[in-house]
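Undergrad: Dropping a structure here in structure tokens format, bear with me for questions.
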Amino acid sequence: MSLTTLAIALVISVVGTFAAGLVALWPDPRAHRASNIILAVSAAFGAVVGIYVATGSNVSLIVPEALYPVAADGSAHAWPMFYGMVFGLDRFSAIFFSILSVVTVLVAVYAIPYLEHYAASYNVRSVNALTALFIFGMQGVLLSTNIFGFMTFWEIISIASFFLVLADGTEASRKAGFLYLIITHIGAGAIMSGLFLLSGGALLSDFSVIALVTPELPEVTFSIALGLLLFGFGSKAGLVPFHVWLPEAHPQAPTHVSALMSGVMLKIAVYGFLRVLLFMLPGVPMWFVLTIVVLGVISAIVGVLYAVLERDIKRLLAYSSIENLGLIFTMIGVGLLAGQEGSVDLTQAALYAALFLAASHAIFKTGLFLSSGVIIAAVHSRRLEAMGGLAQRMPMFSVAVCVLALSAAAMPPFAPFMAEWTFLQAVVGALTEATPMLKVALVVILAAVGFVAGLALFAMVKMFAIAFLAKPRTDEAAAAVEPKPGFLIPIVVLAFISLILGLFSPLVLNKIGAVDLAPADLGTQVISTGGGGLAPLSLFLVIAGISLALFLLRRLLSDVKFERSYQTWDCGQPTTPRMEYTATAFSAPIRFFFRFFLRAQKVVTATPLTPNNPWVASRTMSLLVSQVWYDRLYAPIGSGVTRLAGLVGRLQNGSIQFYISLILLALLVTLIVAL
Amino acid sequence: MTLIRLLNLLFFGPKVTAPQKNFTEVKDVDFEAVGQDVKSVIQKLYGGRSLRIRAVDAGSSNAEEIELTALNNAYYDIDRFGLSFVASPRHADILFVTGPVTRNLERALRTTYEAAPQPCLVVAIGDGACTGGIWKDSYAVVGPVEAVIPVHVRIPGDPPSPTAILRGVLHALQSART
Amino acid sequence: MNSIVLTVIQILVVLLIAPLSIGLTRFFKARFQGRHGAVPWLPYLTYATMMKKENVISTSGSWMLRTTPYAVLGSAVFLAIVLPLVATGGALAPSSNFIVVAAVLALGSAFLVMGGLDTGSAFGGMGSSREMTIVSLLEPTVILTFAAFALATGSSAIDGMIAGSSVAGELLITAPYLLLSLLALVLVALAENARYPVDNAATHLELTMVHEAMVLDYSGPYLAMMEYAAALKLTVFALLVANFAMPLPLIMTSSSPLDVLLAVGSTILKLVIMMFAVALLESTIAKMRFYRVQEFLTGAFFMALTGLALALLSQLL
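What follows is the structure, given as structure tokens:
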């Protein structure tokens, strides 16, 4: 494909998204379907462009140049509008662009039946329009090549997602949206100021100006800028301790928007972070790299621990996102650390593992959120304790969710396992030749990633098993039926992509540029790094072959017709579905083993029903898990700010003379300072 | 225990266990002839060389239960005959039912029998299980075990000693093998 | 000798002697208790009997109940094929990368847990919750243990770890600091196979069960598959630990038929010795209460971490 074709397709993709937003506002009832179909089609164009650019070796697309190439006399046609913003796609942003587009296609298909089902709770027109605006913003961030464009579209993302979190109008949504708005805007301000410092004030220039300015900056300014950028991008990506908005905001948004936020928006933050960082290497100070690693490890551990404890399915998935983003930041940090300490193999492996994990996380997290939407629509509750028995009633759906849950737990042969394998193998391979500081760091990281992987399996098995297996715990769950194709097809497609991405991961890695990791002379069948190799396709074939052999052997050795159905062994007494294990019970050992950190408290409140008899009472038990950063960090800051605001409010005492004296004081100060 | 005594035990056999012929060679057996269904079950299960037992107390006086517990100790050692006790009727090949079937446990006994995969033998242990014993015709009792589920082997006694239980079961298995 | 022939020999030998491990353990335990005990080859008859029985499927189960036995047995057979138990240098040796092995172990356990929960009884849930806790918290220990071996032998495939030491077979003599990692591996093996002090495989009380509780609702051929998978895992771990301590003689591509016979004989000898050790352990110590198992798991974790640190330090010297 020529550059012109690609550029046209790209423009169609972006303009199509905007057009979908406009169509959604039309008062016709068919506008809902039309808007989502336009969104899906334009995202498909975007996917094609993104995949082509990501896998092509020398393709780099700058839109004005591709559409209006430089004339023979040297005069180029620039786009006079947009304040000279230039839009372009290089290999790095194309990886994220293809993730965004593929996910958008499937989410748009899902949104059609989803919003029709929930037409009473949401204002469908505004949700569709805001979703299109949200995606438009994300596309813009990925396509912007200068800082001003980046920040503009970043703000579009924040505002659109804020309104989407508020979409169902409940009190919880308002609180969650408010928290989200505050943190995301402070973060955006931090990013803006950081970029301002790093670019020396030239906001309308390309990102490459950062590479020119940073060597000249004084140490202090550089450190402040780095800290601001870490806070800004980290808060958007959900790094602990800036993550408090994530478990509140993601469950409150409509489910397909939660999928987009968790699957793609967090990756946009990773993209922004890497984009800025790539221009600053190799001058990044050691404390910064270590901070990334430490925050990544803490996020991963905290995310997975709280995912294990959680009983609300969407909050569980939100904490799982925090865990995966923590792992991605750990891998990025280790890559940078290895680069500074001279282990080059580990750098490449860790960075590509981070990118691959980001891509596979987008796939499975979107799939899991979309399936949680289906489950919630069937069971009318977000609590895991209200579900159950869905595997009998929705067999095809439950198989797809099982595949997605196993990929979330980083099990072979799915894609996230390949990313974690690459990272762990590279770490082990680099241990021998590493400098002492790197050795210590790598050992700690090995232990931490192993711990996180184990508990991630726990959380995903808990989610799948309590939601789908055994008998239904409520009547609504008992009445569930196989979901409509509009719901089912995107989820099955995502499960399938997760499998294919895993099986063909060496090919994918080779195509996106990791030629050392997945050498072409081995037929791009093997990922080899750090002294070990993994051939995903042959591993899968061995496991499938063993299962097939066992199946045939069993049919040979025992009589398959000799079967009978009977109730579960219940020790002779009738059991009800309420006696099955609940999510709280399943995670009780972990709550007990980590009680030092989690401090789960059981609070029993008894309200007497009659005044004379205190023993006849209605009792409520709540299980509270403490969140240390909320109590020690955010609550004091919040109350401090409120107190400060109260103090400042005393200035507004309503007396005109006081106000005039304040104006006079300001005038005096200005004159003194100016002269 | 020193290693020498340990190895002595391992290679030259234990000194506490009663010899096998106490239970396998019986002359004064007053059990009925083994039915055809027992024969077919045992011959299907490889001659009954490894059978797993689930004990169900359908309302006994616990005397039979204590005798059953004694079967596992070092003197009687039911393990060496290939018989072992299991925790769930789904795993069981034999059901040992003790006590007359009380009304409260009738449903549980039936559920246990239904849960056990066929082919499964039912052994009624003790007078209460075989005929109802001293609780026969009581208002709290449904009847002997055969009133609820089909019985294949009966071992009378109140309670039957572990020797009697073992002799009864092994006699049934040996007769069915021939 | 072809590497495919090696793999086939290993499959045949390991799959055939797997039930012997459970039988030997019970035999030795019975003798320690002063009883006569069943013959060591009784489990063969037990599994054959089970295959003839009816398959009673619980009504509260779904497709997961039917998939679990295949998944559990499949992961155990994969380990038996891939790990260097009787032969090294087999056709699938590169697949024995330790991270892959740890992940397949976890996958098998995950299906076992989901099968236990699918029955819809509180017993299954209890066993599943406990088993999942143990497996999740063992994962970092497994990775750290094998990482130490990988550092010492320079190979990340377990096959290479056993075959690749400079003097074939004397890994612990050339690298004695690996004893700590080997002890950690022993603790992992005890926890993964539901042995003392983590679990009692012979108990009838559901409150003390971990592995047994999850299989309470299987019968007939499915039960035979689950129990055989447990026996196979025990055999695999026993032979793996024995091979790390004393690998000679294993079959390699350069072996003659006499070497093959010798290796098979020594495999059986290794199995007998390891089962004797397991039975001795089970007869002398008491099972830990489940809420104290965290101390066991933490101990294993720090043992593995220290082993890795020692391996790193010894490379500097």
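Residue numbers (the working numbering), protein chains in the order written: chain A, 1067 to 1741; chain B, 119 to 296; chain C, 221 to 537.
Quick reminder that beta carbons are idealized off the backbone N, C-alpha and C, glycines included.
Cα separation between A367 (chain C) and A1419 (chain A)?
TA: Roughly 19 Å separates the two Cα atoms.
Undergrad: Return yes when the Cβ of L1523 (chain A) is within less than 8 Å of the Cβ of S349 (chain C), no when it is not.
TA: Not a contact, by the Cβ cut-off of 8 Å.
Undergrad: Using only CA atoms, which one of A:G1338, A:L1689 and A:E1451 lies nearest to E1542 (chain A)?
TA: Among A:G1338, A:L1689 and A:E1451, the Cα nearest to that of E1542 (chain A) belongs to A:E1451.
Undergrad: The segment 229-253 of chain B: which residues have C-beta closer than 7 Å to a C-beta of chain A, in chain order?
TA: Residues passing the 7 Å Cβ filter: T229, T230, E232 and A233.
Undergrad: What residues of chain B sit near R255 (chain C), judged by a beta carbon separation below 7 Å?
TA: Within 7 Å Cβ-Cβ: P132, T135, A192, D195 and D197.
Undergrad: Let me check understanding here. Comparing Cα to Cα, which of C:V408, C:I301 and C:I319 lies closest to V418 (chain C)?
TA: V418 (chain C) has its Cα closest to that of C:V408, out of C:V408, C:I301 and C:I319.
Undergrad: With 9 Å as the limit, tell me which residues of the segment 432-446 of chain C have their beta carbon closer than that to any beta carbon of chain B; keep them in chain order.
TA: Hits within the stretch, in order: E432, A433, V435, L436, D437, Y438, S439, G440 and L443.
Undergrad: Pull up the distance between the alpha-carbon of P277 (chain B) and that of S293 (chain B), whole angstroms please.
TA: Each residue's alpha carbon lies about 24 Å from the other.
Undergrad: How is the alpha helix (DSSP H) around V1515 (chain A) delimited, first residue to last?
TA: Counting along the chain, the alpha helix (DSSP H) containing V1515 (chain A) begins and ends at P1502 to F1534.
Undergrad: Taking W253 (chain B) as the reference, give the member of B:T216, B:L186, B:I184 and B:G165 with the closest Cα.
TA: Considering only alpha carbons, the answer is B:T216.
Undergrad: Is the closest heavy atom of the ligand FAD to the C-beta of G294 (chain C) under 7 Å?
TA: You won't find the ligand FAD in this model; it holds no ligand whatsoever.
Undergrad: When you compare only the Cα positions, how much space is there between V263 (chain B) and K157 (chain B)?
TA: The straight-line gap from Cα to Cα measures roughly 21 Å.
Undergrad: Just to make sure I have the definition right: I need the residues of chain C whose C-beta is within less than 7 Å of the C-beta of K162 (chain B). Which are they?
TA: Simply K272.
Undergrad: Give me the Cβ distance between T1218 (chain A) and G1154 (chain A), rounded to the nearest whole Å; I'm assuming they're in contact under 8 Å.
TA: So it is not a contact: roughly 16 Å between Cβ atoms.
Undergrad: Sort A:V1089, A:P1702 and A:F1163 by Cα distance to S1101 (chain A) and report the nearest one.
TA: Of A:V1089, A:P1702 and A:F1163, the residue nearest in Cα terms is A:V1089.
Undergrad: Evaluate F252 (chain C) with the Cβ neighbour count: other Cβ atoms within 10 Å of its Cβ, from every protein chain shown; 16 or more gives buried, anything less gives exposed.
TA: Classification of F252 (chain C): buried, given that the 10 Å Cβ count is 16 or more.
Undergrad: Leaving out five residues before and five after E1646 (chain A) in sequence, what residues of the same chain have Cβ atoms less than 6 Å from its Cβ?
TA: Excluding residues within five positions, the ones whose Cβ falls inside 6 Å are A1536.
Undergrad: In three-state terms, what does DSSP make of Q1591 (chain A)?
TA: The answer is coil: DSSP assigns Q1591 (chain A) none of H, G, I, E or B.
Undergrad: Pull the bridge partners of S1631 (chain A) from the DSSP assignment, please.
TA: Beta-bridge pairing links S1631 (chain A) to C:I277.
Undergrad: State buried or exposed for S401 (chain C), treating a residue as buried only when at least 16 other CB atoms are found within 10 Å of its CB.
TA: Buried.
Undergrad: Hey, would you say T227 (chain C) sits closer than 8 Å to A300 (chain C), going by beta carbons?
TA: Cβ distance not < 8 Å, so T227 (chain C) and A300 (chain C) don't count as in contact.
Undergrad: Residues of chain B with a CB under 8 Å from the CB of Y1632 (chain A): which are they?
TA: The contacting residues are E232 and A233.
Undergrad: Is any beta-carbon of chain C found at less than 8 Å from that of D211 (chain B)?
TA: Yes - at least one Cβ of chain C is within 8 Å of the one on D211 (chain B).
Undergrad: Just the chain A side, please: which residues come within less than 8 Å of R208 (chain B) by C-beta, in chain order?
TA: Here the neighbours are W1635.
Undergrad: Looking at chain A, is there any beta carbon in it that lies within less than 8 Å of the beta carbon of L291 (chain B)?
TA: No, its Cβ sits nowhere closer than 8 Å to a Cβ of chain A.
Undergrad: If we ignore side chains and look at the alpha-carbon of each, how far apart do N420 (chain C) and S474 (chain C) end up?
TA: Approximately 42 Å, taken between the alpha carbons.
Undergrad: Looking at the structure shown, is G1609 (chain A) part of a helix, part of a strand, or coil, going by DSSP?
TA: Note on identity: in this sequence residue 1609 (chain A) is Ile, with Gly being the wrong assignment. It is helical.
Undergrad: Using 8 Å as the limit for Cβ to Cβ distance, is G153 (chain B) near chain C?
TA: Cβ-Cβ to chain C under 8 Å: no for G153 (chain B).
Undergrad: Could you work out which residues of chain A lie near L223 (chain B), taking near to mean beta carbons separated by less than 8 Å?
TA: Chain A residues near L223 (chain B): G1638.
Undergrad: Distance check for A1601 (chain A) and L1569 (chain A), CA to CA, integer angstroms please.
TA: Going from the Cα of L1569 (chain A) to the Cα of A1601 (chain A) covers about 9 Å.
Undergrad: Expressed to the nearest angstrom, what Euclidean distance is found between the alpha-carbon atoms of M1687 (chain A) and A1654 (chain A)?
TA: Spanning the two alpha carbons is a distance of roughly 15 Å.
Undergrad: Can you pull the chain C residues whose beta carbon is under 7 Å from the beta carbon of I1028 (chain A), in chain order?
TA: Residue 1028 (chain A) is absent from the model: chain A starts at 1067 and stops at 1741.
Undergrad: Quick one: what does DSSP say Q1667 (chain A) is sitting in, helix, strand or coil?
TA: It is a strand residue.
Undergrad: For the 8 Å Cβ check, are there 3 or more pairs between the segment 1483-1495 of chain A and the segment 1324-1343 of chain A?
TA: No, the segment 1483-1495 of chain A is not in contact with the segment 1324-1343 of chain A.
Undergrad: DSSP state of S1328 (chain A), grouped into three classes?
TA: Looking at S1328 (chain A) - three-state DSSP - the assignment turns out to be helix.
Undergrad: Buried or exposed: S1721 (chain A), going by 16 or more other Cβ atoms within 10 Å of its Cβ?
TA: Exposed is the call here.
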